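Chains as they are written, first to last, in the working numbering: chain A, 2 to 333; chain B, 2 to 333.
Heads up: the structure comes next, in structure tokens.
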DNA sequence: TGGAGCGTTTAAATCGTTTAAATGGCGGCG
DNA sequence: CGCCGCCATTTAAACGATTTAAACGCTCCA
């Protein structure tokens with residue numbers, strides 16, 4: 002590996018000049034600039050990132066904290082985040098927390114130790130003191146659905162309400178009167194928002210019966226919750242807080258020989274790639290993941306490059322995608 | 002952030018002693034050791050990783066290069082790799098290459114710049130000179146299905162043949178005589194191995210007709226390949242080189258009103274989580290992903306901690322999981 | 001011709017570690 | 001009693017970059 006010193010020698014200047022040219026941090030005579038550039042290219046020089054972070058006090062790595070990389074919702078966001086970051090010359094350190102507060106804390110500690118200038122959190126399991134310590138250390142942070150912006154803290158708000166409302170209205174328009182909702186774990190704010198939105202949307206129409214069950218965002222969870230829902234009262238329409246649970250619900254219906262959408266309509270949330278490949282294809286609320294990934298990075302990048310600027314709130318719309326798991330309720 | 006200097010002051014020793022205690026790189030009087038440990042704990046000291054890598058010449062980050070994090074096969078391996086790495090005190094930098102040689106080259110450059118002690122490649126799109134330069138720079142590398150071991154290079158061999166053979170035998174035993182195979186992109190060695198294994202297994206039984214189509218590991222690819230296969234000759238059994246393509250094939254069959262498994266049997270490969278949730282559930286060859294992730298890391302770790310030791314070859318078995326997409330061929 | 005003034009370049013300090021070499025104290029042995 | 005050798009510890013020199021402050025070399029004007 003070539004060092005800045007070798008480049009300096011080759012270009013016949015001091016190392017400071019090389020640094021100035023490469024970082025554009027000071028005016029340099031065009032002629033010297035050319036020589037330096039040439040020497041650097043010739044030697045295939047790339048600044049040693051460790052040395053750089055040591056003196057700067059920040060690394061060129063940003064953190065991306067996800068609750069479960071195994072859930073197909075996250076890899077796609079990760080991918081587009083990572084691509085945006087790479088274009089800005091930043092590496093992305095992906096950390097998986099398994100929806101666990103303790104592991105999240107640990108992940109943050111490790112990110113701080115890496116001296117990341119910022120991190121994005123696609124999970125809501127972040128303890129308050131962790132958030133505060135992060136802000137205190139001057140680390141920029143972008144949260145998903147946390148709802149609060151502050152110095153060094155931006156927020157991406159997914160407009161769940163819009164999509165959920167559309168989903169509920171869709172079911173109501175089809176004539177459904179008994180609706181079930183399978184929610185996510187209640188310690189997550191995003192799960193709370195979705196449930197809230199469902200309840201509000203369902204309340205607009207009089208004479209609609211509603212039941213809600215909190216679950217865990219997994220296929221198995223969706224399966225059992227659907228089962229409970231069907232036992233408790235014979236729902237004709239079910240909205241799940243994510244596609245995985247929606248798919249679980251479909252299997253529950255299948256196992257009970259209940260036809261979807263003939264006897265039971267099901268709507269998911271997220272529009273993961275697989276949603277369009279279930280049999281029948283799952284009606285769901287789409288979250289534009291590529292856009293979210295890009296936006297999350299942009300928000301973080303803004304925070305990093307100008308630490309003085311206040312945190313912002315960004316909005317992302319969600320939209321209903323009608324496929325084949327919804328139909329009018331059976332007439333009894 | 003506390004520095005080693007502050008710890009030294011608090012413990013009343015020199016910074017070198019602190020370093021020795023913390024790294025166990027030299028004998029230290031138990032009494033001093035205790036004082037240092039206490040001081041470090043008291044201050045919540047964690048060594049600055051940038052400074053450390055600067056002087057060591059290696060970072061505490063290992064690379065994990067995957068072709069497509071969006072393909073559910075990889076996140077799970079990633080997860081278990083990452084967990085093993087974390088237990089060994091190493092961070093994992095995940096890089097996505099989109100099956101692109103150029104992007105792989107770029108990813109490697111960035112890893113080298115980060116001074117990783119080693120990297121694992123779950124993709125076969127690695128140019129030879131890249132591999133060589135990696136080895137030359139003293140970076141340990143673990144490849145999946147590359148088949149070559151050398152100094153600083155280990156290899157994980159997935160025993161495709163075993164699983165594929167079981168899949169083909171399963172179809173033959175059911176009485177199928179016309180078999181199709183949907184392969185992966187031929188520039189990947191793992192795709193080649195699977196195709197090879199299929200052809201060999203099918204050749205053992207006389208009177209069996211066989212057709213092969215190379216595709217691209219995507220759902221869409223599987224869909225079109227299945228379509229072609231059915232046009233070319235009326236296959237009654239199809240083996241796909243991965244589950245995504247198997248699922249694509251199922252949809253193709255569905256759209257053509259061909260019942261699975263009544264008229265067409267389909268077998269996938271990988272056993273991604275979704276394989277058990279398709280309708281009907283996909284018969285597939287299981288690759289133990291958690292185990293693979295762990296093993297890949299262990300192999301890498303061995304390479305890193307003792308650079309002198311020769312590269313090793315590790316084997317992982319694959320096994321057929323019979324679910325619901327296979328049945329005897331229709332009697333004509 | 002000498003100096004002011006300006007823009008460019010340089011020397012040197014710094015970041016927080018690791019580690020080779022130097023130091024100092026102490027017991028054992030001649 | 002003095003010397004040697006051994007241990008535990010310290011001193012100090014790296015590692016490769018950024019950046020402040022100082023030096024330098026020009027041009028231009030008096």
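C-beta atoms are modelled at their ideal positions from N, C-alpha and C, and glycine is treated no differently.
None of the values given here were measured: they were computed from a predicted structure.
{"Query": "Enclosing beta strand (DSSP E) for residue 315 of chain B [first to last residue]", "Result": "314-318"}
{"Query": "Runs of alpha helix (DSSP H) wholly within the stretch 42-95 of chain A (minimum 4 residues, chain order)", "Result": "50-57, 74-88"}
{"Query": "Residues that residue 73 of chain B contacts on chain A, provided the C-beta gap is smaller than 7 Å", "Result": "73"}
{"Query": "Per-residue contacts from residue 52 of chain B into chain A (C-beta, under 7 Å)", "Result": "55"}
{"Query": "Straight-line Cα distance separating residue 68 of chain B from residue 99 of chain B", "Result": "5 Å"}
{"Query": "Per-residue DSSP class, three states only, for residue 213 of chain B", "Result": "strand"}
{"Query": "CA nearest to the CA of residue 80 of chain A, picked from B:298, B:73, B:82, B:85", "Result": "B:73"}
{"Query": "For residue 150 of chain A, the first and last residue of its enclosing alpha helix (DSSP H)", "Result": "It is not in any alpha helix (DSSP H) - residue 150 of chain A carries neither H nor E in the DSSP assignment."}
{"Query": "Proximal residues of chain B, C-beta to C-beta of residue 255 of chain A below 9 Å", "Result": "280"}
{"Query": "Residue 97 of chain A (DSSP reduced to helix, strand or coil)", "Result": "strand"}
{"Query": "Chain B contacts made by the stretch 81-94 of chain A, where a contact means CB separation under 9 Å", "Result": "83, 84, 87, 92, 93, 94"}
{"Query": "Distance between residue 110 of chain A and residue 304 of chain B (C-alpha atoms, nearest Å)", "Result": "27 Å"}
{"Query": "Selection from B:55, B:95, B:176 that minimises the alpha carbon distance to residue 70 of chain A", "Result": "B:95"}
{"Query": "Interfacial residues, the stretch 103-114 of chain B to chain A, with Cβ spacing under 7 Å", "Result": "111, 114"}
{"Query": "Pairwise C-alpha distance: residue 293 of chain A and residue 146 of chain A", "Result": "12 Å"}
{"Query": "Local conformation of residue 179 of chain A per DSSP, three classes", "Result": "strand"}
{"Query": "Continuous beta strand (DSSP E) stretch holding residue 14 of chain B: start and end", "Result": "That residue, residue 14 of chain B, is in no beta strand (DSSP E); it is neither H nor E in DSSP."}
{"Query": "Inter-residue CB distance, residue 236 of chain A and residue 185 of chain A (contact presumed, cutoff 8 Å)", "Result": "That belief does not hold up - the Cβ atoms of residue 236 of chain A and residue 185 of chain A are roughly 18 Å apart, past 8 Å."}
{"Query": "Any C-beta of chain A under 8 Å from that of residue 97 of chain B", "Result": "yes"}
{"Query": "Sequence-distant residues of its chain with Cβ nearer than 7 Å to residue 318 of chain A (five each side left out)", "Result": "160, 163"}
{"Query": "Interface residues of chain A facing residue 116 of chain B [CB-CB closer than 8 Å]", "Result": "49, 50, 51"}
{"Query": "Which of helix, strand or coil DSSP assigns to residue 208 of chain B", "Result": "coil"}
{"Query": "Nearest to residue 148 of chain B (by Cα), restricted to the options B:190, B:222, B:205", "Result": "B:190"}
{"Query": "Through-space distance from residue 137 of chain B to residue 301 of chain B, alpha-carbon basis", "Result": "16 Å"}
{"Query": "For residue 26 of chain B, the first and last residue of its enclosing alpha helix (DSSP H)", "Result": "Neither: residue 26 of chain B is in no alpha helix (DSSP H) and is coded neither H nor E."}
{"Query": "Own chain partners of residue 22 of chain A with C-beta closer than 7 Å, once the 5 adjacent residues on each side are dropped", "Result": "29, 34, 37, 38"}
{"Query": "At least 3 beta-carbon pairs within less than 8 Å: the stretch 244-255 of chain B vs the stretch 218-225 of chain B", "Result": "yes"}
{"Query": "Buried versus exposed call for residue 176 of chain A [16 or more other C-beta atoms within 10 Å across all chains shown]", "Result": "exposed"}
{"Query": "Touching by the beta-carbon criterion (3+ pairs, under 8 Å), the stretch 46-62 of chain B and the stretch 50-63 of chain A", "Result": "yes"}
{"Query": "Stretch pair the stretch 258-271 of chain A + the stretch 228-235 of chain B: three plus CB contacts closer than 8 Å", "Result": "no"}
{"Query": "Contact with chain B by residue 4 of chain A, beta-carbon distance below 8 Å", "Result": "no"}
{"Query": "Straight-line gap, residue 179 of chain B to residue 204 of chain B (C-alpha atoms, nearest Å)", "Result": "12 Å"}
{"Query": "Residue 274 of chain A (DSSP reduced to helix, strand or coil)", "Result": "helix"}
{"Query": "For residue 284 of chain A, the nearest candidate out of A:291, A:276, A:290 (CA to CA)", "Result": "A:276"}
{"Query": "Extent of the continuous alpha helix (DSSP H) to which residue 303 of chain B belongs", "Result": "290-306"}
{"Query": "Residue burial classification, residue 196 of chain B (beta-carbon count within 10 angstroms, cutoff 16)", "Result": "buried"}
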